[in-house]
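Heads up: the structure comes next, in structure tokens.
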Amino acid sequence: MMLRYSFDLPDEAAAIENAINKTLAAGYRTKDIMSECCKLVGCKEMAKKVVEKI
């Protein structure tokens, strides 16, 4: 939201949002959003997974 609305960077915001959606679709979850049949990862690992998808 910061990139999209504060800095007027919609393409960059979309790239991050898409990476997050792909990471979640791959089944990765942190403890606070863990669901059945998903892969539990820590915050650092989740961030690494998101960066890999950008």
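Following numbering that gives the first Met the number 0, the numbering of the sequence shown begins with 0 at its first residue and continues without gaps. C-beta: ideal position from N, C-alpha, C; glycine also. Bear in mind that the values here come from a model prediction, so they are computed numbers and not experimental data.
Check: Start-to-end residues for the alpha helix (DSSP H) that takes in residue 45; Outcome: 42 to 52
Check: Identified DSSP bridge partners for residue 39; Outcome: 28
Check: Nearest candidate by alpha-carbon position, reference residue 52, set 1, 5, 23; Outcome: 23
Check: Check whether residue 49 and residue 18 have beta carbons under 7 Å apart; Outcome: yes
Check: Cα-Cα separation, residue 2 to residue 42; Outcome: 21 Å
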